Amino acid sequence: MKSFLRTLACACFVSGCLIRLATAADPTPIDLWPAKAPGEVRELPPEQDVNKPTDKLIGDRKIIKLANVSTPQITVFEPPANLRTGCALIIAPGGGHSILAYDHEGTECAQYFAARGVTAIVLKYRVPARNPDKRWEAAVQDAQRGVSLVRSRAKDWKLDPQRIGILGFSAGGETAGLTAILHEQRQYQPVDKIDEVSCRPDFAALIYAGGFENKKNPWTLQDHVKVDSTTPPMFLIHAQDDGVSVANSVLLFSELKKAKIPAELHVYASGGHGYGMRQTGHPVNQWPDRCAEWLINQGFNTPTK
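Read left to right, the sequence shown gives residues -24 to -1, 1 to 281 (mature numbering (1 follows the signal peptide of the UniProt record, and there is no 0)).
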């Protein structure tokens, strides 16, 4: 009996050590702003997961629906040291600017790219939308700040400051796209030295993005979506049967080609919307591998020389 108790005590001690080690290794969130984010005046209820037991499963699993985000943050997922390339990817989950689909369009994506040498960074931007006329505004403010913050830490985080990109899903795809397109128009007044650092992402990947098409005049872009010679390269994914019109990706791709910006568009026959990193039985679920290949082919995710 005494021998059993000693063994049990040792096992508990070892387990406790392992738990502490795992906790210490967990990514730590970093606040984007030194105080309140721009324009924050009202108090929201506590941040919480509002997923309900009756909500639709994605890939046979529930998802996190993070609501009431008022303290925007980034969380850094480091790649294995022997695989680190110096590339960084900021990931913006979707959720219609109402919630954040934080796991299957956030942390799971970060884990995938970190395993391929990328320093993957999940952006927890403010939801719900603050400005009803520019639902994307708070998200883009947070994303622009995020790009500047990551670039300002490039040396400390062993990053190439010219290989910092952004990837987004759905409303996060709109956020990523506008962060790339509006990089010369910072959407807030600078608050400190971090904002002296460029907020232009070096590339963008937009996964079933919305918000670009002018719904009052279908198959045309909204006035603020203007591609020019300074717009970074883009990778776009969409399914033809997506409830968020494929026109969003097709129109943007067309403008990128007109401006001679490197771009790659994949349109799949089926797959719908909101699959994220999950397997849902459609060829579109291969998109992460296509994106990873594009990053390598474009020279973004290659070892630092």
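Cβ atoms here follow ideal geometry from the backbone N, Cα and C, with glycine treated the same way. None of the values given here were measured: they were computed from a predicted structure.
Residue closest to residue i, alpha-carbon to alpha-carbon, out of the options
i, options, result
"V260", "N273, E269, W270, V243", "V243"
"R18", "N44, C267, E269, L125", "N44"
"E269", "P5, E84, V94, S46", "V94"
"G149", "C63, D265, F211, L232", "F211"
"F53", "K41, S46, L158, I66", "I66"
"P5", "A245, T51, P22, K32", "T51"
"L271", "T61, Q163, I75", "T61"
"R102", "Y88, R121, S205, Q262", "R121"
"E113", "P14, P22, V167, N273", "P14"
"F111", "Q163, Y184, L228", "It should be noted that the sequence gives Arg, not Phe, for residue 111. Looking at the Cα atoms, Q163 is the closest of the given residues."
"P48", "E16, L59, V26", "E16"
"L197", "K169, S205, L76, I157", "I157"
"Q87", "P3, P137, I237, N273", "P3"
"S205", "H258, I237, D31", "I237"
Spatial distance of residue i from residue j (CA atoms)
i, j, result
"L241", "A11", "39 angstroms"
"L154", "Q165", "17 angstroms"
"K191", "N224", "10 angstroms"
"Q117", "P29", "33 angstroms"
"N277", "E189", "30 angstroms"
"S74", "T280", "38 angstroms"
"D79", "I40", "6 angstroms"
"G275", "D265", "16 angstroms"
"L33", "T256", "10 angstroms"
"A(-3)", "A57", "Since pLDDT at A(-3) reaches only 35, below the 50 mark, its modelled position is unreliable, and no value is offered."
"V(-11)", "C267", "Its pLDDT being 39, under 50, V(-11) is placed unreliably in this model, and the coordinates cannot settle the point."
"G35", "R254", "5 angstroms"
"D109", "H159", "20 angstroms"
"G141", "A180", "6 angstroms"
"residue 340", "W263", "Shown here, the chain extends from -24 to 281; a query on residue 340 therefore has no answer."
"L228", "L135", "29 angstroms"
"V167", "H200", "24 angstroms"
Pair within 9 angstroms by beta-carbon distance, residue i and residue j
i, j, result
"G248", "D217", "yes"
"R245", "T207", "It should be pointed out that residue 245 corresponds to Ala in this sequence rather than to Arg. Going by C-beta atoms, A245 is not nearer than 9 angstroms to T207."
"P55", "A105", "no"
"L42", "Q24", "yes"
"P194", "S221", "yes"
"A64", "R139", "yes"
"L182", "V203", "no"
"P76", "S46", "Sequence check: residue 76 is Leu here, not Pro. No, they are not a contact pair."
Indicate whether the contact test is met: 3 or more Cβ pairs, each with one atom in the segment 64 to 75 and one in the segment 138 to 155, closer than 8 angstroms.
Proximity of the segment 64 to 75 to the segment 138 to 155 meets the contact definition, three or more beta-carbon pairs being nearer than 8 angstroms.
Report yes or no: do three or more beta-carbon pairs, one from the segment 120 to 133 and one from the segment 171 to 186, lie closer than 8 angstroms?
yes
Is the segment 76 to 84 touching the segment 95 to 106, taking contact as three or more C-beta pairs under 8 angstroms?
yes
At 3 residues or longer, what runs of the beta strand (DSSP E) sit wholly inside the segment 124 to 189?
140 to 145, 180 to 183
Which residue spans inside the segment 88 to 117 form an unbroken beta strand (DSSP E) run of at least 3?
95 to 100
Would you list, in sequence order, the uninterrupted alpha helix (DSSP H) runs of no fewer than 4 residues that lie entirely inside the segment 17 to 58?
none
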